[in-house]
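Contents: one structure, followed by commentary.
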Amino acid sequence: MPSKTSTLRPLLLLASILLMIAACHRYFGGVTEAVENILTPRTPRQDFAHDSLRSDSGDALVAAWDSAYLRALTDTLRVDLPYRERFRYPASLELSASSVRFYLPPGRQLTATVRPDSSGGPVFGELFAVGDPAVPDARDALLRWSPDRPRITYESDRVGGQELLLVVQTPPGNGSHYELTLQTTPALTFPVADASVRNIQSFWGDSRSGGQRRHEGNDIFAPRGTPLIAVADGRVRSTKTGGLGGKTVWLRDGEGRGLTYYYAHLDSQLVRAGQSVSRGDTIGLVGNTGNARTTPPHLHFGIYRNGARDPYSYLRGPDGEGPTVRYPLQDPPDAVPERGRHYLRYRPDRDRTVVVRELTNTEPITVLGVTERYYRIRTAAGETGFANFD
Ligand SMILES: [Zn+2]
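This note's numbering numbers the first residue of the sequence shown as 12 and each following residue consecutively.
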């Protein structure tokens with residue numbers, strides 16, 4: 012006959028096992044978290060969620076903040092560079108993150124900056140490559156800025172440039188205004204002193220030798236003897252005399268691009284093979300040697316990496332200011348106007364845009380930002396897009 016202790020013993024054993032599991036779970040939970048931190052350090056926005064948001068507001072708010080961020084990775088809008096948008100975040104956590112998708116051409120250095128107004132709190136920014144996969148993985152950010160310096164610079168090394176997505180997030184309930192700007196500058200220093208792309212008279216792909224070949228570079232016209240400039244830090248691979256190019260210099264990029272630069276028709280070379288040069292150094296003088304002897308002096312400039320590339324976007328000057336913000340963000344509308352036909356658009360552009368749908372007059376909306384004459388809005392159904400109410 013079983014004693015009282017023998018029936019209690021399995022229960023006690025079970026209880027102690029459950030306690031151990033609970034303790035182990037907590038213990039291993041902590042270890043897992045610690046190991047994750049060693050393997051993948053927390054991002055600035057995870058740091059903020061962990062250190063500030065959770066202690067002030069608890070896990071539920073952190074989860075809502077995270078889901079707003081994940082939604083912004085998927086639910087994005089298309090813009091062109093240069094770009095400018097003023098935005099604000101209403102009290103709703105769901106609206107605390109937004110994103111833009113854009114194309115960065117090869118040879119351009121992107122600068123993305125967010126400036127908060129005087130009352131603005133921290134702002135988080137992360138840059139992703141998009142395309143494959145179509146929706147980026149949150150762990151695969153190319154760059155993240157530190158919230159005390161909300162600025163990213165990035166240059167793509169892809170031949171065809173790159174599709175990028177920038178996610179911006181601010182703390183919940185922060186009613187401040189912010190201004191986002193995206194601008195590009197040329198990756199290279201211009202190769203002819205006191206000249207610019209305005210001095211280019213023959214472009215990539217122009218017909219050569221009666222259509223037998225295509226022009227694999229840009230011709231930059233300048234007076235004979237004008238200094239030719241190293242477009243980047245690098246090393247002179249070779250200097251040659253003769254053939255179509257006449258006096259030439261091949262310069263190997265030393266800034267990590269894997270490119271080689273070709274300077275042709277020089278009056279004279281001022282460097283020798285193997286020599287290191289710094290961006291901005293004079294490496295030769297403009298002339299018309301080689302097959303340019305019947306044309307005015309100019310530099311034929313080429314860029315090579317697994318074949319020739321069009322140098323133009325590497326040389327074009329800095330972007331302009333970007334669109335002017337023409338609608339005030341104070342007291343924006345909370346509904347579609349009563350009159351006129353208005354559309355929800357995928358990009359802030361009347362002509363080239365994809366229309367998501369026609370909006371209904373007086374339909375309620377939330378304004379999230381403004382660029383040029385377009386509001387970035389969220390509809391009651393949760394759609395995001397640009398709308399013009401003129
Ligand atoms: Zn040429």
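Heads up, the beta-carbon is just placed ideally off N, CA and C, and yes, glycines get one too.
Would you mind giving the Cβ-Cβ distance between residue i and residue j, rounded to the nearest angstrom? I have them listed as a contact below 8 Å.
i      : j      : result
Asn229 : Ile240 : At roughly 14 Å, the Cβ-Cβ gap does not stay under 8 Å, so Asn229 and Ile240 are not in contact.
Ala243 : Ala206 : In fact, because the Cβ distance is near 17 Å, the residues do not count as touching under 8 Å.
Ser279 : Arg246 : So it is not a contact: roughly 20 Å between Cβ atoms.
Gln180 : Ala108 : 4 Å
Val381 : Tyr338 : 5 Å
Asp401 : Pro375 : Not confirmed; about 20 Å, so no contact.
Gly136 : Val178 : 7 Å
Tyr357 : Ile314 : The pair is not a contact, with the Cβ atoms about 34 Å apart (cut-off 8 Å).
Leu81  : Ala140 : No, Leu81 and Ala140 are not in contact; Cβ-Cβ is about 17 Å, not under 8 Å.
Leu106 : Ala79  : 7 Å
Val336 : Arg56  : In fact, because the Cβ distance is near 26 Å, the residues do not count as touching under 8 Å.
Arg5   : Asp342 : This structure cannot settle anything about residue 5, because the visible part of the chain is limited to 12 through 401.
Per DSSP, which one or two residues make a beta bridge with residue i?
i      : result
Val179 : Ser109 and Gly136
Val125 : Leu191
Ser213 : Asp230
Gln120 : Glu166 and Thr196
Thr382 : Tyr385
Leu310 : Ile231
Thr250 : Val260
Phe98  : Tyr189 and Gly380
Tyr11  : This structure does not reach residue 11, given that the chain is present from 12 up to 401, and the question cannot be answered.
Pro55  : According to DSSP, Pro55 bridges with nothing at all.
Gln173 : Leu115
Glu349 : Paired residues: none, contrary to the question.
Gly245 : Asp264 and Val288
Ala149 : Bridge partners of Ala149: none, in fact.
Ser157 : Arg160
Gly396 : Ile388
With a threshold of 6 Å on Cβ separation, who are the neighbours of residue i within its own chain once the five nearest residues in sequence on each side are excluded?
i      : result
Tyr386 : Val378 and Ala398
Thr196 : Gln120 and Pro329
Pro348 : Phe400
Val208 : Leu326 and Arg327
Thr395 : Asp86 and Arg389
Thr122 : Thr164 and Gln194
Gly318 : none
Leu115 : Leu121, Ser167, Gly172, Gln173 and Leu175
Arg263 : Gly245, Arg246, Arg248 and Thr271
So, residue i versus residue j, is the Cβ gap smaller than 8 Å?
i      : j      : result
His309 : Val297 : yes
Val260 : Thr252 : no
Leu193 : Leu92  : yes
Phe214 : Tyr323 : yes
Glu227 : Ala198 : no
Arg320 : Val170 : yes
Thr305 : Arg155 : no
Leu270 : Lys258 : no
Gly216 : Arg224 : no
Gly333 : Arg95  : yes
Ala284 : Arg316 : no
Pro158 : Pro133 : yes
Tell me which residues share the same chain as residue i and place their Cβ nearer than 7 Å to its Cβ, disregarding the 5 neighbours each side in the sequence.
i      : result
Val146 : Leu84 and Thr85
Thr87  : Ser110, Val111, Arg112 and Leu176
Thr124 : Pro161, Arg162 and Thr192
Pro359 : Val90, Thr382, Glu383, Tyr385 and Phe397
Pro238 : Ala204, Thr293 and Leu296
Arg37  : In this prediction, Arg37 scores a pLDDT of 38, lower than 50, which makes its location untrustworthy; the coordinate-derived value is nonetheless stated afterwards. Closer than 7 Å at the Cβ level, and outside the excluded window around Arg37, lies no residue.
Leu104 : Leu72, Ala75, Trp76, Ala79 and Pro183
Ala392 : none
Just to confirm my understanding: we take residue i, look at its own chain, exclude 5 residues before and 5 after, and list those with CB closer than 8 Å. What are they?
i      : result
Ala60  : Val73, Trp76 and Asp77
Ala34  : Note that Ala34 scores 46 on pLDDT, short of 50, meaning its location in the model is unreliable; the coordinates nonetheless yield the value given after this. Excluding positions up to five away in sequence, the list is empty.
Leu255 : Ala275, Gly301 and Asn302
Pro307 : Phe232 and Asn299
Met12  : Residue confidence is low: Met12 scores 43 on pLDDT, short of 50, so the model does not pin down where it sits. Its coordinate-derived value is still stated next. Result list for Met12: empty, nothing under 8 Å.
Ala152 : Thr54, Glu137, Leu138 and Phe139
Arg350 : Asn372
Leu340 : Arg97, Phe98, Arg99, His188, Val378, Gly380 and Val381
Leu64  : Leu72, Val73, Trp76, Pro182 and Pro183
Gly265 : Ala243, Asp244, Gly245, Arg246 and Ser287
Arg219 : Arg225 and His226
Arg235 : Asp278, Leu296, Val297, Gly298, Asn299 and Pro308
Gly291 : Thr200, Ile240 and Ala241
Val366 : Tyr354, Leu355, Arg356 and Tyr357
Arg363 : none
Indicate whether at least one CB of chain C lies closer than 8 Å to the CB of residue i.
i      : result
Arg155 : You won't find chain C in this structure, because it holds only one protein chain.
*Around ligand 1, what residues have a beta-carbon under 6 Å from a heavy atom of it, in chain order?*
Ser213, His226, Gly228, Asp230 and His311
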